[in-house]
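What follows is one structure encoded as structure tokens, with my remarks underneath.
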């Protein structure tokens, strides 16, 4: 691999996403992407006794589908990278514990799908791992309780608020050309061409009901650095997909980039907008949470790439790195966004 | 780089620890390693208004010393890797925010110094980064409040309990031979030869006042895999240094390895035992927290390596990945341990 420009890493062997999997909750299963998820759980508890264990079971389901899709047993993973929104990332920890594989815990909030996939790709390209797993999840109930209010309180949500997705995604990364059931079936391999690691941007937004606005500057910074480093334009891509900016954050991202003469309107989409029908599902500004971009990327998007319907995309997952404690102490919300340039075919 | 055995990665270019720095609290500054820390703060608040902001200031101090030691400005870092024990890792987030560098957040609990240093080394060796920073911290007051009891409660601590270290460590990794002030002064370069990524081990310990016991199986697993992969013996090393097993966990580690005919007694030491005088300082089983192994490695240990007093060591930092929520929900404590093989001279 080599560094290009100031901040982008070019992967010469272009590691492949050998398999992917997703799991989602009932509400997500009633949304526009219902048919794309590997599994939709009608029961918000997934048969578990706590929200946190339900989230862990959701994540385990997504990763299991990803391993099946790649035709890989957990014992073959050289490393698994994951994290989530729960305090001390217990959703991911308990999945990794049960699999008994080398594990690197991450904390990237809702950017975790990009962070884990980015690191998995770098570790495969470098030879540190032959097979690497990347995963993350979120659960509406565990998140709301931890970050905002007890569910029973039934607090009113402002229009800028986003709805935490109950969802999870997992992907298995290996060398391009690794034989998999999907490749044998004639599907296009999905490869990682470049990655850009995000910088924390914080313009002073301190409203936990407006996470999109808090994260938009980080997305703008990362996308702009990537385009400059690769000397490419938005029109060079089929899709520039952000993680969970929602309607408010997406509008701000487009505006921020416009100021620097970059127009992404023709190719931009956001997982938080795609996953719900905002009008019918009362999700206000859109979906959010680690599981938002993870479940959308590892289902609808990767499937379209595999089918050759998307050939050249940027996936830029955004995260808001505040905690309830920092928030109560008057700190604003630091945002981050990591990017992968993915191709198919 | 190349994989050797089942789980170990050999670094062919042997990236170097170009600089390191440490900061510690008052109690740590009264312990046996007092003279090794770059800075000891008498004021537990470091002039900040909250424990969490104090921890962030402590971490910023350690990383600043590391950058000075390496002769590197923050703007030259291609990536910074860090994490801590606080919910959503806000100690590290706010350091990274202020530095405005590409940032990868980690969650490895008390194993974070090994996890961050290991990933920094892999990213440098692979060419993904020319200069990478690794950092972590803990603070007695922020940890006790979050994990155990309000400080004001003054709860009694059993003999197996450990004392969370108020401390932080930072290191800058770059290519071997990168000119630094320390190298020009004739000091030995410190290099990373091998790394082994930990697996989560959980033998069912569910006592938050006995973290050493919860983490010992993970340390045994990682050390054993490393020794097998490299076909080496404990006597091949000057020191096998665990992170924060303390007295109870260290005894268990030695016992667990003994069962597999591995005797580390002659070369084993533990940062949690080194940092306090257990008899005089009333710290029971020893120190703990991310800042324990970080502040000991990035001061006393690295200084001794630089001076040629230690030439060949294994650093194996251990982490307990539970959360107060998982604990209250009856889950046992998952442990993890990541290892680096470091040489000097």
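Protein chains in written order, with the working numbering: chain A, 1 to 345; chain B, 1001 to 1345.
The C-beta atom is built at its ideal place from N, Cα and C for all residues, glycine as well.
Beta-carbon spacing of residue i, residue j below 9 Å
i: residue 106(A); j: residue 1088(B); result: no
i: residue 1171(B); j: residue 1021(B); result: yes
i: residue 239(A); j: residue 262(A); result: no
i: residue 116(A); j: residue 134(A); result: yes
i: residue 236(A); j: residue 312(A); result: yes
i: residue 1205(B); j: residue 1333(B); result: yes
i: residue 110(A); j: residue 299(A); result: no
i: residue 286(A); j: residue 270(A); result: yes
i: residue 63(A); j: residue 40(A); result: no
i: residue 108(A); j: residue 92(A); result: no
i: residue 1310(B); j: residue 1340(B); result: no
i: residue 101(A); j: residue 123(A); result: no
i: residue 1023(B); j: residue 1059(B); result: yes
i: residue 1264(B); j: residue 1257(B); result: yes
i: residue 51(A); j: residue 145(A); result: yes
i: residue 1190(B); j: residue 326(A); result: no
i: residue 1069(B); j: residue 1182(B); result: yes
i: residue 1290(B); j: residue 1222(B); result: no
i: residue 210(A); j: residue 283(A); result: no
i: residue 216(A); j: residue 207(A); result: no
i: residue 1212(B); j: residue 1188(B); result: no
i: residue 1026(B); j: residue 1042(B); result: yes
Reduced DSSP category for residue i - H, G, I as helix; E, B as strand; rest coil
i: residue 328(A); result: helix
i: residue 1103(B); result: strand
i: residue 201(A); result: strand
i: residue 148(A); result: coil
i: residue 1322(B); result: coil
i: residue 112(A); result: helix
i: residue 37(A); result: coil
i: residue 84(A); result: strand
i: residue 1092(B); result: helix
i: residue 294(A); result: helix
i: residue 182(A); result: helix
i: residue 212(A); result: helix
i: residue 23(A); result: strand
i: residue 3(A); result: strand
i: residue 1312(B); result: strand
i: residue 56(A); result: helix
i: residue 143(A); result: helix
i: residue 133(A); result: strand
i: residue 301(A); result: helix
Interface flag, residue i vs chain B, CB-CB below 9 Å
i: residue 369(A); result: As shown, chain A starts at 1 and ends at 345. That puts residue 369(A) outside it, with no answer to give.
i: residue 149(A); result: no
i: residue 351(A); result: No statement about residue 351(A) is possible, as the shown extent of chain A runs from 1 to 345 and does not include it.
i: residue 260(A); result: no
i: residue 322(A); result: yes
i: residue 347(A); result: A question about residue 347(A) goes unanswered here, because the residues of chain A that appear run from 1 up to 345.
i: residue 160(A); result: no
i: residue 52(A); result: yes
i: residue 87(A); result: yes
i: residue 55(A); result: no
Check: residue i C-beta below 8 Å from any heavy atom of the ligand ATP
i: residue 105(A); result: This structure does not include the ligand ATP; it has no bound ligands of any sort.
Interface flag, residue i vs chain C, CB-CB below 9 Å
i: residue 1265(B); result: Note that chain C does not occur in the displayed structure, where the protein chains are A and B.
Integer Cβ distance of residue i from residue j, believed to fall under 8 Å
i: residue 162(A); j: residue 272(A); result: 6 Å
i: residue 295(A); j: residue 169(A); result: 5 Å
i: residue 17(A); j: residue 302(A); result: 7 Å
i: residue 1128(B); j: residue 9(A); result: 5 Å
i: residue 1166(B); j: residue 1028(B); result: 6 Å
i: residue 125(A); j: residue 13(A); result: 5 Å
CB contact below 9 Å: residue i versus chain A
i: residue 1125(B); result: yes
i: residue 1097(B); result: yes
i: residue 1302(B); result: no
i: residue 1094(B); result: yes
i: residue 1224(B); result: no
i: residue 1143(B); result: no
i: residue 1007(B); result: yes
i: residue 1200(B); result: yes
i: residue 1113(B); result: no
i: residue 1014(B); result: no
i: residue 1002(B); result: yes
i: residue 1193(B); result: no
i: residue 1216(B); result: no
i: residue 1156(B); result: no
Runs of alpha helix (DSSP H) lying entirely within the stretch 1220–1276 of chain B, each at least 4 residues, in chain order:
Taken in chain order, the whole alpha helix (DSSP H) runs of length 4 or more contained in the stretch 1220–1276 of chain B are 1246–1259, 1271–1274.
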